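Asker: Taking the numbering used here, the leading residue of the sequence shown gets 226, the next gets one more, and so forth.
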Amino acid sequence: MRQPLIAGNWKMNGTRSSAEALMKAVLQGTSAIEKSEIVVCPPFPFLALGEQVLGASAVRLGAQNVCTEASGAYTGEVSAQMLAEFGCHYIICGHSERREHYGETDAIVAKKLALTIDQGMTPILCVGETLEQREQGRMEDVIAGQIDEIINRNTIASFGQLEIAYEPVWAIGTGKTATPAQAQAVHNFIRRRIADHDPAIAAKVRILYGGSMKPGNALELLSQADIDGGLIGGAALVAEDFLAICQAGGTAAG
Ligand code: 13P
């Protein structure tokens with residue numbers, strides 16, 4: 226049984242005071258939610274605040290990105306070691322917004338994963354196809370390519386130490402959610418792809434869905450056999466909505 230993981234990706238939103246208020250509301254609201262593991266990923270400048278507010282609570286802290294290098298002359302970058310020191314448990318790696326706007330390739334994502342794992346944290350590896358790729362019938366090839374590149378560069382064993390988020394690019398921030406059946410089909414495809422290399426790791430790895438997950442559709446998505454949680458964007462900025470999704474995770478877990 227895989228415990229549901231609900232992670233809020235705040236992206237580049239909020240102010241110091243709104244971030245603090247949101248963290249406090251999530252902390253308060255989640256004390257009643259036992260069955261889901263809950264994570265918030267605020268922007269870098271608010272991580273120290275996150276460590277302070279969340280402390281040793283069950284709500285875990287994550288970062289949205291990390292540098293490909295361990296340390297040195299990389300102006301503007303943040304290392305995995307620094308993120309570990311600020312209490313991060315998770316790091317989102319290879320989000321489609323980073324692949325699209327900052328040219329992150331699978332090779333770059335592979336380096337970020339390795340450094341995250343080296344520092345004792347857990348990467349959330351994002352994969353997903355664009356609308357054009359889906360319409361051209363290339364969806365499975367694209368996702369298989371993203372997974373295989375990591376297997377080739379980091380070995381299959383790294384999949385025993387990470388989480389995956391399937392985020393169809395066309396569903397991110399658009400209000401267009403993949404239907405539960407569409408999402409389940411891709412999650413199952415990802416799990417089978419990993420099982421070809423290692424069935425035990427495939428059975429254990431959590432595969433989260435991301436893309437316009439909201440309180441109204443969360444339960445149905447999270448009830449699918451291969452959907453083990455959510456990576457939430459917009460709805461994670463509203464405490465009430467995020468908490469409702471966390472609750473749905475617990476309900477889906479039974
Ligand atoms: P939305 O939930 O806003 O569609 O964003 C999803 C996402 O990109 C999470 O990483």
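Yeah, the Cβ is synthetic: ideal placement off N, Cα and C, and Gly gets one too.
Predicted model, so just to flag it, every value in this text is computed and none were measured.
Determine whether the beta carbon atoms of C266 and N238 lie at a separation below 7 Å.
Answerer: no
Asker: Measure the C-alpha to C-alpha separation of H412 and A246 and round it to an integer number of angstroms.
Answerer: 34 Å
Asker: Let me know the beta strand (DSSP E) ranges lying completely inside the segment 358-428, each 3 residues or longer, listed in chain order.
Answerer: 388-391
Asker: Below 8 Å on the Cβ atoms is my contact criterion, and I expect Y327 with G353 to pass it. Report the Cβ-Cβ distance as a whole number of Å.
Answerer: With 8 Å as the limit, Y327 and G353 do not qualify as a contact, their Cβ atoms being about 16 Å apart.
Asker: Taking the DSSP output, what are the residues bridged to N234?
Answerer: C266
Asker: Around the C-beta of C356, are 16 or more other C-beta atoms found within 10 angstroms, so that it is buried, or is it exposed?
Answerer: It is worth fixing the name first, because residue 356 is Leu in this sequence and not Cys. Its Cβ having fewer than 16 others within 10 Å, L356 is exposed.
Asker: Only counting the same chain, and skipping five residues up and downstream in sequence, which positions put a Cβ closer than 7 Å to that of A464?
Answerer: L247, A250, V251 and G254
Asker: When you measure from the CB of G319 to every non-hydrogen atom of ligand 1, does any distance come out below 6 Å?
Answerer: no
Asker: Give a single yes or no on whether G398 has its beta carbon closer than 6 Å to a heavy atom of ligand 1.
Answerer: Checking every heavy atom of ligand 1 against the Cβ of G398, one is found closer than 6 Å.
Asker: May I ask you to report which of helix, strand or coil DSSP gives A288?
Answerer: DSSP places A288 within a strand segment (E or B) once states are collapsed to three.
Asker: On a CA-only basis, which of V303, G475, N290 and L274 is nearest L446? Give me that one, please.
Answerer: G475
Asker: Do G454 and ligand 1 come close, with the Cβ less than 6 Å from some heavy atom?
Answerer: no
Asker: Classify V251 as helix, strand or coil using the three-state DSSP reduction.
Answerer: helix
Asker: Can you grab the Cα-Cα spacing for the pair Q449 / S304, in whole Å?
Answerer: 36 Å
Asker: Have a look at A443, V394, I342 and K439 and flag the residue whose alpha-carbon is nearest the alpha-carbon of S223.
Answerer: The structure shown does not extend to residue 223, since the chain is modelled only from 226 to 479, so the question has no answer here.
Asker: Please name the residue in A295, F311 and S296 whose C-alpha comes closest to that of G287.
Answerer: F311
Asker: Locate the beta strand (DSSP E) running through V352, then write down its first and last residues.
Answerer: T347 to V352
Asker: Establish whether the CB of K336 and some CB of chain C are separated by less than 7 Å.
Answerer: Of the protein chains in this structure there is only one, and it is not chain C.
Asker: Rounded to whole angstroms, what's the CA-CA distance from G479 to Q228? Just pull it up for me.
Answerer: 10 Å
Asker: According to the Cβ coordinates, are I316 and C471 closer than 7 Å?
Answerer: no
Asker: Please tell me whether, using a cut-off of 6 Å, the distance from the CB of G435 to the nearest non-hydrogen atom of ligand 1 is below it.
Answerer: yes
Asker: Would you give the residue range spanned by the beta strand (DSSP E) that H314 belongs to?
Answerer: Where H314 is concerned, the enclosing beta strand (DSSP E) stretches over C313 to C318.
Asker: Would you mind reading off the limits of the alpha helix (DSSP H) that contains G455?
Answerer: From DSSP, G455 is part of no alpha helix (DSSP H) but of the beta strand (DSSP E) over G454 to I457.
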